[in-house]
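So the sequences go chain by chain: A and B. Residue numbers 1 to 213, in UniProt numbering, belong to the letters of the first sequence in order. Residue numbers 1 to 213, in UniProt numbering, belong to the letters of the second sequence in order. Quick reminder that beta carbons are idealized off the backbone N, C-alpha and C, glycines included.
There are 2 protein chains.
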Amino acid sequence: MRQIIDERTGGTVRPPYGTEPHCPTVRIAAHVTVLHEGDPARRIMEVVEGAVMLSKLLPDGRRQVVELLGPGDVFGLAHADIYACSAETLTPATINTHERGALERDPVLAARLLRRFEAQLCVMHAHALMLGRMSALERVAFFLLRLMPDGMVGTTLHLSMTRQEIADFLGLTLETVSRAFSELKRRGLVVLQRADEVRIQDRGSMRRLAGAL
Amino acid sequence: MRQIIDERTGGTVRPPYGTEPHCPTVRIAAHVTVLHEGDPARRIMEVVEGAVMLSKLLPDGRRQVVELLGPGDVFGLAHADIYACSAETLTPATINTHERGALERDPVLAARLLRRFEAQLCVMHAHALMLGRMSALERVAFFLLRLMPDGMVGTTLHLSMTRQEIADFLGLTLETVSRAFSELKRRGLVVLQRADEVRIQDRGSMRRLAGAL
DNA sequence: CGACCTCTTGATCGATGTCAAAAGGTGTGG
DNA sequence: CCACACCTTTTGACATCGATCAAGAGGTCG
């Protein structure tokens, strides 16, 4: 079972290995839930290193992964002083935490967050287009391109998400994600060394499937 | 046909009735496209009054309405100095425009935008949950509750969107949206005085359908 | 009244969800 | 090193929701 550290049980996000308590920068293991949707929102966090997944739940348990975050991205946002999403590390991660009040006091921080929010909002717009209008195959192609910076062509990408997590991100079921991977492989657009190691073989076709990007 | 005013043809967003050119606050008629996805991003805009719809297109013409904006909301965001979305007024609207550079110079503006971006990001997270995980009926219920501030119970809401626009917002087809309205009416959760005038009859059931909110 | 929209409703089809079983991988203990 | 248990992934069969195609109803404006 995955370890859970949160503000309710600990009072503070506590790094698994020695750092001062309340230190703004913490190191967190993979698969740790850092924030819970619905908890009182005391802090804003920045990913320094590693990957973090934000998700929301419906009352009956249906889950949507709403954002995938990497270095520089910000989370811990709130409506009415309540966290809007849960946050879970996908890999070991380094995270910077700020008191909410620091936003008013620190204009440099505020400027950085403003730029970052703009970028994340644009990514969310693209995500909405994907969720609302793309087929399963297109979604998976879109997902893989998103994880593959243009630089790393022919490189092998390590997916640090299960099929279920990918499905929850793409608004599909894990079976449909698996079938889409198989179809991309069958068409020669992608090579799967293992279930979690992908190489993009035909970037042009992938782009066409994903509709630009 | 709907009138189109954009930066390519005019150089400036020009209000339909007399205001100085380059005046930061403009009045715009309903159904006017204010920004085009892909155009060079020179300005950031704030809705002062009225409603604005942001949308994105796939190369083959599929459309997703990614945000519905009201007073206070901000648009004109950019990735790589290119507008990420098109923006179209749904009603006559008053809009405030700022040069992008003003963000660095005006800390008060920056602080306001920061707060607003946070709120819009939270709304996008909810939108992603809706698009990825809700049924057609749930989406329409969610949509109607979103337009109905808690205050106005029993009030009649005027929809300033066509079924097609609602469908593009909810990731459905116009026929499915129409059927969902009929089903909500049949179940007595909603009264439709006309196609574009709705009253919520049973807010509890609507909430349950929409999954909180 | 008639033309033109938009909306509603019906019939059918297909993509994706659901349910189920088998295959593949990984870690543990003998 | 092998055997077993456990978990994830893949694949198959079938069901279902929403898309598509098509026709008709309702509203608005000339």
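Local Cβ density within 10 Å of residue i, reported as buried at 16 or more and exposed below that
| i | result |
| --- | --- |
| B/Val52 | buried |
| A/Val34 | buried |
| A/Val198 | buried |
| A/Asp73 | buried |
| A/Ala195 | exposed |
| A/Gln120 | buried |
| B/Thr155 | exposed |
| B/Leu114 | buried |
| A/Asp81 | exposed |
| A/Gly211 | buried |
| B/His127 | buried |
| A/Gly76 | buried |
| B/Arg186 | exposed |
| A/Leu184 | buried |
| A/Leu209 | buried |
| A/His125 | buried |
| B/Gly204 | exposed |
| A/Gly171 | buried |
| B/Leu69 | buried |
| A/Leu159 | buried |
| A/Leu213 | exposed |
| A/Val123 | buried |
| B/Pro21 | Low confidence applies to B/Pro21: its pLDDT is 40, below 50, so where it sits in the model is not reliable, and the reading given next is rough at best. Exposed, because fewer than 16 other Cβ atoms sit within 10 Å of the Cβ of B/Pro21. |
Nearest residue (CA-CA) to residue i, options the options
| i | options | result |
| --- | --- | --- |
| A/Arg42 | A/Arg203, A/Ala78, A/Leu189 and A/Val153 | A/Ala78 |
| A/Asp202 | A/Ala136, A/Gly188 and A/Val108 | A/Gly188 |
| B/Pro24 | B/His98, B/Ile82, B/Leu144 and B/Pro71 | B/His98 |
| B/Val32 | B/Pro40, B/Ile44, B/Gly50 and B/Gly38 | B/Gly50 |
| B/Thr176 | B/His36, B/Pro149, B/Gly151 and B/Val140 | B/Val140 |
| B/Leu103 | A/Ile95, A/Arg112, A/Leu103 and A/Arg105 | A/Arg112 |
| B/Met206 | B/Leu174, B/Thr162, B/Gln193 and B/Asp150 | B/Asp150 |
| A/Leu147 | A/Arg62, A/Leu109, A/Glu67 and A/Asp81 | A/Glu67 |
| A/Pro71 | A/Ile82, A/Ser182, A/Val48 and A/Ala80 | A/Val48 |
| A/Phe58 | B/Leu131, B/Pro59, B/Val65 and B/Ile28 | According to the sequence shown, residue 58 of chain A is Leu rather than Phe. Measuring from the Cα of A/Leu58, the nearest candidate turns out to be B/Leu131. |
| B/Ile166 | B/Ala136, B/Glu183 and B/Val26 | B/Ala136 |
| A/Leu174 | A/Thr162, A/Lys185 and A/Glu138 | A/Thr162 |
| B/Ser86 | B/Ile95, B/Gln64, B/Val123 and B/Arg116 | B/Gln64 |
| A/Ile44 | A/Leu109, A/Phe169, A/Ser160 and A/Phe142 | A/Leu109 |
| A/Ile95 | A/Leu172, A/Ser178, A/Glu37 and A/Val26 | A/Val26 |
| B/Asp60 | A/Glu118, A/Asp168, A/Met134 and A/Ile28 | A/Met134 |
| B/Glu46 | B/Ser182, B/Phe117, B/Phe181 and B/Phe142 | B/Phe117 |
| A/Tyr83 | A/Arg179, A/Gln164 and A/Leu54 | A/Leu54 |
| A/Thr89 | A/Gly101, A/Leu192, A/Ala29 and A/Ala180 | A/Ala29 |
Residue i - DSSP class collapsed to helix/strand/coil
| i | result |
| --- | --- |
| A/His79 | strand |
| A/Pro24 | coil |
| B/Ala93 | strand |
| A/Ala195 | coil |
| A/His158 | strand |
| B/Arg42 | coil |
| A/Glu88 | strand |
| B/Met53 | strand |
| B/Arg63 | strand |
| B/Thr173 | coil |
| B/Val48 | strand |
| B/Glu37 | coil |
| B/Val32 | coil |
| A/Leu189 | coil |
| A/Leu58 | coil |
| B/Val74 | strand |
| A/Leu213 | coil |
Proximity test, Cβ basis, 8 Å: residue i and chain B
| i | result |
| --- | --- |
| A/Gly211 | yes |
Cβ of residue i within 8 Å of any chain A Cβ
| i | result |
| --- | --- |
| B/Gly171 | yes |
| B/Val66 | yes |
| B/Pro21 | Because the pLDDT of B/Pro21 is 40, which lies under 50, any placement of that residue in the model is unreliable, and the number read from its coordinates should be weighed accordingly. Not closer than 8 Å to any Cβ of chain A, the Cβ of B/Pro21 fails to qualify, so no. |
Q | Chain-ordered residues of the stretch 106 to 140 of chain B with a beta carbon less than 8 Å from chain A | A | Pro107, Ala110, Ala111, Leu113, Leu114, Phe117, Glu118, Ala119, Gln120, Leu121, Cys122, Met124, His125, Ala126, His127, Ala128, Leu129, Leu131, Gly132, Arg133 and Met134
Q. What residues in the stretch 73 to 98 of chain A have a beta carbon less than 8 Å from any beta carbon of chain B?
A. Leu77, Ala78, His79, Ala84 and Cys85
Q) Any residues in the stretch 50 to 64 of chain B with a beta carbon nearer than 8 Å to a beta carbon of chain A? Which ones, in chain order? A) Leu54, Lys56, Leu58, Pro59, Asp60, Arg62, Arg63 and Gln64
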